[in-house]
Amino acid sequence: MKERCAGVLMNVSSLPGPYGVGCFGDEALEWVDTLCDMGFSQWQVLPLGPLDSAGSPYAGNSAFAGNELYIDPRELRKRGLITEAEERAARYGGSPFTADYPFAWRTREELLRRAYERCGPAEQEADEAFAADKAWAADYALYRALKVRYQGLPWWEWPDGCRQYETVKAAPVDPELRRETGYHLFVQRLFFEGWSKIRAYAAQKGVSLIGDMPIYLSMDSADVWSRLPLFQMDPDTFQPEKVAGVPPDYFSAEGQLWGNPLYNWTAMEQDGYVWWIDRIAAAFELYDTVRIDHFRAFASYWAVDAKAASAREGGWERGPGIRLFDAVKDRLGPLSILAEDLGVFGRDVNDLLEQTGFPGMRVIQFGFDPAGDSVHLPHHYPAHCVAYVGTHDNNTLLGWLWEASPEEREFALRYCGFEGGDWGEGGYQSPACRRIIETVWRSAARLAVIPFQDLCGFGSDARMNIPGLPESNWRFRTTADTIEGLDRRYFREINRLFRR
Numbered sequence: 034m035k036e037r038c039a040g041v042l043m044n045v046s047s048l049p050g051p052y053g054v055g056c057f058g059d060e061a062l063e064w065v066d067t068l069c070d071m072g073f074s075q076w077q078v079l080p081l082g083p084l085d086s087a088g089s090p091y092a093g094n095s096a097f098a099g100n101e102l103y104i105d106p107r108e109l110r111k112r113g114l115i116t117e118a119e120e121r122a123a124r125y126g127g128s129p130f131t132a133d134y135p136f137a138w139r140t141r142e143e144l145l146r147r148a149y150e151r152c153g154p155a156e157q158e159a160d161e162a163f164a165a166d167k168a169w170a171a172d173y174a175l176y177r178a179l180k181v182r183y184q185g186l187p188w189w190e191w192p193d194g195c196r197q198y199e200t201v202k203a204a205p206v207d208p209e210l211r212r213e214t215g216y217h218l219f220v221q222r223l224f225f226e227g228w229s230k231i232r233a234y235a236a237q238k239g240v241s242l243i244g245d246m247p248i249y250l251s252m253d254s255a256d257v258w259s260r261l262p263l264f265q266m267d268p269d270t271f272q273p274e275k276v277a278g279v280p281p282d283y284f285s286a287e288g289q290l291w292g293n294p295l296y297n298w299t300a301m302e303q304d305g306y307v308w309w310i311d312r313i314a315a316a317f318e319l320y321d322t323v324r325i326d327h328f329r330a331f332a333s334y335w336a337v338d339a340k341a342a343s344a345r346e347g348g349w350e351r352g353p354g355i356r357l358f359d360a361v362k363d364r365l366g367p368l369s370i371l372a373e374d375l376g377v378f379g380r381d382v383n384d385l386l387e388q389t390g391f392p393g394m395r396v397i398q399f400g401f402d403p404a405g406d407s408v409h410l411p412h413h414y415p416a417h418c419v420a421y422v423g424t425h426d427n428n429t430l431l432g433w434l435w436e437a438s439p440e441e442r443e444f445a446l447r448y449c450g451f452e453g454g455d456w457g458e459g460g461y462q463s464p465a466c467r468r469i470i471e472t473v474w475r476s477a478a479r480l481a482v483i484p485f486q487d488l489c490g491f492g493s494d495a496r497m498n499i500p501g502l503p504e505s506n507w508r509f510r511t512t513a514d515t516i517e518g519l520d521r522r523y524f525r526e527i528n529r530l531f532r533r
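Numbered per my numbering, the sequence shown spans residues 34 to 533.
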């Protein structure tokens, strides 16, 4: 990004809407309009792929597929694939402030299966064209169809023969399985058509989309099943010897034991990193800029014995380094990539950032150590970085102020020029939050990003995620009334004042 600009982090799941979770409806287009009205030119979303059972978008069952919950039921009705009564029956009567994933999963699948049963030749031809265009789609549809056949069991618990991808691909596909794979192709096509509409509208309005790419995948995923040699998995037992995590850090004294399978970087290098090239190319079909989560693992990654009880028991192992990104650049050319370089890291991560030229991240909440001089304090920000008020893993600004130590809070307020009043006051005009936001905005960083919750001055009950906590995350939602209440004039002014 060559010019100074600003963006808002708000996931699609958090958008208003009538179906228990945000989706690709008019509400998304109206949100783009709101961004424009406030002077923002960037919209950052969390990964758009399938969610895990806890609602997390960071451990999905595919590196390429989209989240079917984001398909707008009203679009199915417009196409004549469901009735008005069926669409209305899928509307949610609970709290509009919390995503209800179980409700959304159940009702959306019912609608999508009804819609698929009513598809005519034109829809079927479109599905076939979609599968021909997306090299990953047929394998993903086959994986999902087998998951249905074997009642949701993970792929390594399927019958012998089905666990081996090559064996399944070589066998004739029976009509029942073909019908089920067809359904999943239909669903994926609808997802991509829906997001394409939003991306085109955003481009028309001058809003660029920033997407998030998780570094790891769930072990129970189409990619691990169909590309087993590319992961550190035992080919006989189908189990990993080591899994992903991070050592003790800002978020957890025990570290975080994620449990994802690790990549076999030797095998990936031997085939020229084709899977990663395809994955990054696919991401740029969705977004204008891609933020790669846990970028430091490309330099060195934390590997933990699969039987370990804690991430403390892990150790660092060498990643692919610049070789991967040289291969990506050779195939795809220069790309707009942001590197999430937070956490525990050493010189190797700094070296890789310098070699790639990707901007790293700064998060102001990490900087308020009254005894230190952190790189996360805005007076240290280079132009070539992304400055965050907070990320999906952080507390809200107001929540941080309430939960910080008195020394941290006093230093933060003095540093940001808070000159009196109630530091604990929340809401749209929260004076302490505004001073912190303005401190980020006046920094040298070309791109500044603020979570939606901090536009509103919400407290810690509006957090998107608490790292290391397996439940009750990813559920934050907002309403049209809340968005309407934003102080648009204020954000227009600071974006103008600080040339963003």
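Note that the Cβ used here is the ideal one computed from N, Cα and C, for glycine as well.
Here's the rule I'm using: 16 or more other beta-carbon atoms within 10 Å means buried, otherwise exposed. How should residue i be labelled?
{"i": "A344", "result": "buried"}
{"i": "R222", "result": "buried"}
{"i": "H412", "result": "exposed"}
{"i": "K275", "result": "buried"}
{"i": "P503", "result": "exposed"}
{"i": "T299", "result": "exposed"}
{"i": "T511", "result": "buried"}
{"i": "A178", "result": "buried"}
{"i": "D384", "result": "exposed"}
{"i": "A314", "result": "exposed"}
{"i": "P353", "result": "buried"}
{"i": "K180", "result": "buried"}
{"i": "R351", "result": "exposed"}
{"i": "E571", "result": "The question about residue 571 has no answer here: the residues shown for the chain are numbered 34 through 533."}
{"i": "V419", "result": "buried"}
{"i": "E213", "result": "buried"}
{"i": "G453", "result": "exposed"}
Between which two residues does the beta strand (DSSP E) holding residue i run?
{"i": "N575", "result": "Missing from the structure shown is residue 575; the chain here goes from 34 to 533 and no further."}
{"i": "Q16", "result": "In the structure as shown, the chain starts at 34 and stops at 533, and residue 16 therefore has no counterpart that could be examined."}
{"i": "D338", "result": "333 to 338"}
{"i": "K275", "result": "275 to 279"}
{"i": "V41", "result": "38 to 42"}
{"i": "P464", "result": "Premise fails: P464 lies in the alpha helix (DSSP H), 464 to 474, not in any beta strand (DSSP E)."}
{"i": "A372", "result": "370 to 372"}
{"i": "Y421", "result": "418 to 421"}
{"i": "T322", "result": "322 to 325"}
{"i": "W76", "result": "75 to 77"}
{"i": "V396", "result": "393 to 396"}
At which residues does the alpha helix (DSSP H) containing residue i begin and terminate?
{"i": "L300", "result": "A quick correction: the sequence has Ala, not Leu, at residue 300. Unbroken alpha helix (DSSP H) run through A300: 298 to 303."}
{"i": "E350", "result": "First-last for E350: 348 to 351, but that is the beta strand (DSSP E), not the alpha helix (DSSP H)."}
{"i": "C489", "result": "485 to 489"}
{"i": "S89", "result": "Looking at the DSSP string, S89 is not in any alpha helix (DSSP H), and its letter there is neither H nor E."}
{"i": "N383", "result": "380 to 389"}
{"i": "G450", "result": "Unbroken run through G450: none, as it is neither H nor E."}
{"i": "A404", "result": "Run containing A404: none; DSSP gives neither H nor E here."}
{"i": "I527", "result": "521 to 530"}
{"i": "Y173", "result": "170 to 182"}
{"i": "A69", "result": "Before going on, a small fix: residue 69 reads as Cys here, not Ala. That run of the alpha helix (DSSP H) goes 59 to 70."}
Looking at C-alpha atoms only, which residue of the options is the closest neighbour of residue i?
{"i": "F136", "options": "G53, S251, A404", "result": "G53"}
{"i": "E287", "options": "H425, Y149, A342", "result": "A342"}
{"i": "D269", "options": "A316, R211, M301, G194", "result": "G194"}
{"i": "V422", "options": "A159, G239, A445", "result": "A445"}
{"i": "A336", "options": "L210, W291, F219, R468", "result": "W291"}
{"i": "E36", "options": "A416, R467, Y461", "result": "A416"}
{"i": "I325", "options": "D384, R380, A277, G393", "result": "G393"}
{"i": "V307", "options": "A233, A360, R525", "result": "A360"}
{"i": "F264", "options": "A372, E373, P294", "result": "P294"}
{"i": "V220", "options": "L102, D85, E387, G113", "result": "L102"}
{"i": "R521", "options": "D105, G50, V45, T67", "result": "T67"}
{"i": "D282", "options": "Y296, L375, D253, R260", "result": "L375"}
{"i": "R356", "options": "E517, T424, E346, I310", "result": "I310"}
{"i": "E517", "options": "P49, D245, V473", "result": "P49"}
{"i": "Y149", "options": "A162, R112, G127, R124", "result": "R112"}
{"i": "V473", "options": "R312, D487, E436", "result": "D487"}
{"i": "F73", "options": "G492, F509, R479", "result": "R479"}
{"i": "F97", "options": "A437, L186, Y134, L319", "result": "L319"}
{"i": "G366", "options": "L386, F317, F399, A332", "result": "F317"}
{"i": "Q381", "options": "F331, G390, D338", "result": "Checking the sequence shown, residue 381 turns out to be Asp, not Gln. Selected option, being the one with the closest Cα: F331."}
>> Give the list of continuous beta strand (DSSP E) stretches no shorter than 3 residues that lie fully inside the segment 217 to 248.
In response: Runs of the beta strand (DSSP E) inside the segment 217 to 248: 241 to 246.
>> I'd like to know if the segment 234 to 248 and the segment 199 to 218 are in contact, where contact means that at least 3 CB-CB pairs between them fall below 8 angstroms.
In response: Verdict: no, contact absent.
> Within the chosen definition, does the segment 140 to 148 reach the segment 57 to 64 through at least 3 CB pairs nearer than 8 angstroms?
Replying inline: By the Cβ criterion, the segment 140 to 148 is not in contact with the segment 57 to 64, since fewer than three pairs of Cβ atoms, one from each stretch, lie closer than 8 angstroms.
>> Pairs of beta-carbons, one from the segment 112 to 126 and one from the segment 158 to 169, closer than 8 angstroms: are there three or more?
In response: Fewer than three pairs of CB atoms, one per stretch, sit closer than 8 angstroms, so the segment 112 to 126 makes no contact with the segment 158 to 169.
> Is the number of C-beta pairs between the segment 147 to 159 and the segment 75 to 82 that are closer than 8 angstroms three or more?
Replying inline: Cβ pair count under 8 angstroms is below three, so no.
> Can you find at least 3 beta carbon pairs, one from the segment 489 to 500 and one from the segment 422 to 440, that sit closer than 8 angstroms?
Replying inline: As far as the Cβ criterion goes, the segment 489 to 500 touches the segment 422 to 440, which means the pair count is three or higher.
>> Three Cβ pairs or more, each shorter than 8 angstroms: is that satisfied between the segment 37 to 50 and the segment 482 to 489?
In response: Yes: at least three Cβ pairs fall under 8 angstroms.
>> Quick check: the segment 461 to 468 against the segment 399 to 409, are at least 3 beta-carbon pairs closer than 8 angstroms?
In response: No, because fewer than three Cβ pairs between the segment 399 to 409 and the segment 461 to 468 fall closer than 8 angstroms, the two stretches do not touch.
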